[in-house]
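Add 61 to the 1-based position in the sequence shown for my numbering, that's all there is to it.
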Amino acid sequence: MDAEAQHTERDRSSHPAASEEISDTEGTEERSRFALVAWAADRLPGGRITLTMLFCLFSLLLLSRFVIQPFQIPSGSMEPGLRIGDRVLVNKLAYRFGAEPRRGDVVVFDGTGYFGDADYIKRVVGVGGDHVVCCDRQGRIEVNGRSVDESTFLFPGDKPSEVPFDVAVPDGTLFVLGDHRGDSSDSRDHLGSPGGGMIPVDDVIGRADWIAWPLGHWTRLGRADDYARVPAATGHSVPASSGLSTADGVHG
62 MDAEAQHTER DRSSHPAASE EISDTEGTEE RSRFALVAWA ADRLPGGRIT LTMLFCLFSL
122 LLLSRFVIQP FQIPSGSMEP GLRIGDRVLV NKLAYRFGAE PRRGDVVVFD GTGYFGDADY
182 IKRVVGVGGD HVVCCDRQGR IEVNGRSVDE STFLFPGDKP SEVPFDVAVP DGTLFVLGDH
242 RGDSSDSRDH LGSPGGGMIP VDDVIGRADW IAWPLGHWTR LGRADDYARV PAATGHSVPA
302 SSGLSTADGV HG
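As structure tokens, this is what we get:
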């Protein structure tokens with residue numbers, strides 16, 4: 062009985078010591094962190110306020126670099142949806158985890174070597190493997206044999222294209238057009254240029270998801286419904302090195 066009681070007493074006494082040791086370790090780490098913050102604040106003009114502002118600025122830079130980046134619309138090539146001076150928020154993660162740009166998406170891309178040394182914003186009309194034709198008997202763009210009704214976003218009075226074309230979009234590239242077809246330099250204008258007017262998917266910066274400024278024009282930019290109904294491409298894919306066929310910059 063005495064031996065058992067002594068054993069139990071030893072077991073009970075051992076737990077507080079262990080808990081105290083863990084608590085001391087955690088407390089030391091926490092004190093170290095606070096000491097580092099206090100040390101930095103003491104050496105900055107403005108103290109903790111300046112430190113907080115620097116932390117917020119650093120967080121915004123990381124957010125802009127890897128997640129969301131604002132871009133300003135400098136021209137009318139995407140009217141009426143996007144007006145001159147609008148600020149759009151571009152989702153830079155939209156195509157970073159296996160997802161690809163889809164027909165009807167509004168994307169921002171680096172046009173260096175294809176359109177010009179600037180960033181551009183356009184609507185995706187064709188993706189790799191697609192057959193894009195303008196125009197059908199009703200004057201509409203046709204993708205993979207399906208005519209697309211663009212009346213919900215096309216600039217009033219514009220035709221889908223004044224320039225006829227018949228292109229096969231190579232794998233890994235995009236065929237893009239501005240919504241204001243009469244005031245947009247896009248894939249149609251570069252069919253004879255290197256790359257055939259196609260934009261490499263790797264040069265896409267992200268998808269424009271929101272108009273953030275001015276506040277009165279705040280809205281979400283969704284995918285064009287009729288492009289979502291276009292059937293998948295059939296037949297043989299087109300190599301990225303070819304494009305078969307008969308500068309409006311966005312500054313961040």
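Quick reminder that beta carbons are idealized off the backbone N, C-alpha and C, glycines included.
Residue environment for Val224: exposed (fewer than 16 other C-beta atoms within 10 angstroms of its C-beta).
Looking at the DSSP output, Lys183 shares a beta bridge with Val168. Boundaries of the alpha helix (DSSP H) around Asp287: Asp286 to Ala289. Distance from Arg207 to Val188 at the Cβ level is roughly 14 Å; contact not present, criterion being Cβ atoms closer than 8 Å.
By DSSP's assignment, Ala269 forms a beta bridge with Val151.
Between Leu143 and Trp271, the CB-CB gap reaches or exceeds 7 Å.
Under the 10 Å beta carbon count, Ile134 is surrounded by 16 or more other beta carbons and is classified as buried.
Contact check for Val204 and Asp219: beta-carbon distance about 18 Å, past the 8 Å limit, so the pair fails to qualify.
Bounds of the beta strand (DSSP E) holding His192 are His192 to Cys195. In this structure the segment 237-254 does not lie against the segment 262-276, because fewer than three pairs of beta carbons, one per stretch, are closer than 8 Å.
Residue nearest to Phe214 within the set Leu276, Asp286, Ile129 and Gln130 is Asp286 (criterion: CA-CA distance).
Counting along the chain, Phe226 sits inside the beta strand (DSSP E) bounded by residues Phe226 to Ala229. For Ile182 against Ala269, the beta-carbon gap comes to about 6 Å, under 8 Å, which counts as contact. Annotated three-state conformation of Val209 is coil, per DSSP. For Arg281, the three-state secondary structure derived from DSSP is strand.
Linking His251 to Gly177 through their CA atoms gives a straight-line distance of about 11 Å.
Exclusion of the five residues before and after Glu140 leaves Phe216, Asp240 and His241 as the residues of its chain whose Cβ lies within less than 7 Å of its Cβ.
The DSSP-derived three-state label of Leu238 is strand. Distance from Asp180 to Gly172 at the Cβ level is roughly 7 Å; contact confirmed, criterion being Cβ atoms closer than 8 Å.
With respect to the 7 Å criterion, Pro221 and Cys196 are classified as neighbours on the basis of their beta carbons. Counting along the chain, Gln199 sits inside no beta strand (DSSP E), nor does DSSP assign it H or E at all.
In the DSSP assignment, Phe132 is bridged to Val149. Rounded to the nearest angstrom, the gap between the Cα atoms of Glu161 and Ile260 is 13 Å. Distances from the alpha-carbon of Leu154 to those of Asp147, Ser136, Gly165 and Gln130 put Gln130 closest. If you check the CB distance, Asp166 and Arg281 do not come in under 7 Å. Closest by C-alpha distance to Gly277, out of Asp147, Phe132, Gly137 and Ser136, is Asp147.
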